[in-house]
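**Student:**
Residue numbers (this note's numbering): 13 to 80.
#1: Just checking my contact of residue 57 with residue 21 at CB under 8 angstroms: how many whole Å lie between their CB atoms?
#2: Pop quiz: residue 64 and residue 43 are said to be a contact at Cβ under 8 angstroms. What is the actual Cβ separation, rounded to whole angstroms?
#3: Under 8 angstroms Cβ to Cβ from residue 46, same chain only, skipping five residues before and after it: list those, please.
#4: On the three-state DSSP scale, how would you describe residue 42?
#5: For residue 28, which beta-bridge partners are listed by DSSP?
#6: For residue 33, does the three-state DSSP call read helix, strand or coil?
Structure below.
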């Protein structure tokens, strides 16, 4: 599962969600922390969009996800 967060001028680039165990399952609330290095630091203004996707990898039961 990956995401890109964007404002009018910048975006985070492709970020992969690195989680232990199962994520994005029905009935769960998952929280993630995004960090940036000091060398690549930039400020995002008000969010313009959040693009979320996945590559359908994994066993058939692991290839599905729930997002609301």
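The C-beta atom is built at its ideal place from N, Cα and C for all residues, glycine as well.
These numbers were taken from a predicted model, which means no experiment stands behind them.
**Tutor:** Looking at the atomic coordinates:
#1: That belief holds up - the Cβ atoms of residue 57 and residue 21 are roughly 7 angstroms apart, short of 8 angstroms.
#2: Incorrect: roughly 15 angstroms between the Cβ atoms, too far for contact.
#3: Hits under 8 angstroms: 17, 24 and 27.
#4: In the structure shown, residue 42 sits in coil (DSSP, three-state: anything other than H, G, I, E or B).
#5: Per DSSP, 14.
#6: Note: residue 33 maps to coil in three-state DSSP.
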